[in-house]
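*Asks:* Please see the structure below; I have some questions.
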Amino acid sequence: MLERLGAAASDVAGGVTVDGVMIDVFVDQDGEGPFDVWARFEGADAFGLDRRFGDERWLFGVEWGELGWEPEVPSRPRGWSRDDLEQTIVDVVATWLDALVPSGPVHWEIGSAAGTLDRRPLGPSADRDGTGPRG
1 MLERLGAAAS DVAGGVTVDG VMIDVFVDQD GEGPFDVWAR FEGADAFGLD RRFGDERWLF
61 GVEWGELGWE PEVPSRPRGW SRDDLEQTIV DVVATWLDAL VPSGPVHWEI GSAAGTLDRR
121 PLGPSADRDG TGPRG
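In UniProt numbering, the protein residues as written are 1 to 135.
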């Protein structure tokens with residue numbers, strides 16, 4: 001899916017103008033552990049591309065099921081605030097996705113959907129900026 005999003009964002013021949021692809025991590029307000037990861041476009045043609053891909057922009061998530069977390073992930077440690085959990089989830093998701101972000105001219109960033117954490121480059125974008133784990 002990330003390759004399809006990157007290809008759509010870099011379709012200059014098709015007249016597409018975007019600044020990049022943003023990965024937003026939504027941590028449930030209760031801070032117990034459920035979260036979702038969505039991609040969205042940023043820039044002049046963002047609205048049209050977001051509508052075109054619709055629910056396909058949902059990358060993955062964790063929810064409480066009958067027998068526990070689905071998929072299975074560790075529970076939030078005692079004493080952690082919602083902010084601690086959010087920071088950790090964004091860090092882990094960034095690590096998971098970093099190697100999956102396709103190379104190309106598109107700038108990718110990750111951050112919390114609530115805007116409580118600074119956005120940071122992801123994948124090849126991070127390499128170009130010298131801020132990524134591959135850089």
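All C-beta atoms, glycine included, are put in the ideal place defined by N, C-alpha and C.
Taking only three categories from DSSP, how would you classify Glu86?
*Replies:* helix
*Asks:* Can you list, in chain order, the residues of its chain with a C-beta nearer than 8 Å to that of Gly20? Leave out the 5 residues immediately preceding and following it.
*Replies:* Ala9, Phe41, Glu42, Gly43, Val106, His107, Trp108, Glu109, Ser125
*Asks:* Using only alpha-carbon positions, find the residue among Val16, Ala13, Ala114 that is nearest to Gln87.
*Replies:* For the residues Val16, Ala13, Ala114, the minimum Cα distance to Gln87 belongs to Ala114.
*Asks:* Are the beta-carbon atoms belonging to Leu97 and Leu122 less than 8 Å from one another?
*Replies:* yes
*Asks:* Considering only residues of the same chain and omitting the five flanking positions on each side of Gly111, which have a CB-CB separation below 8 Å?
*Replies:* Met22, Ile23, Asp24, Val25, Val90, Leu117, Asp118, Arg119, Arg120
*Asks:* What ranges does the beta strand (DSSP E) occupy inside the region 36-117, keeping only unbroken runs of at least 3 residues that lie completely in it?
*Replies:* 58-65, 68-70, 108-112
*Asks:* Have a look at Glu32 and Gly65 and give me their C-alpha separation to the nearest angstrom.
*Replies:* In a straight line, the C-alpha of Glu32 is about 13 Å away from that of Gly65.
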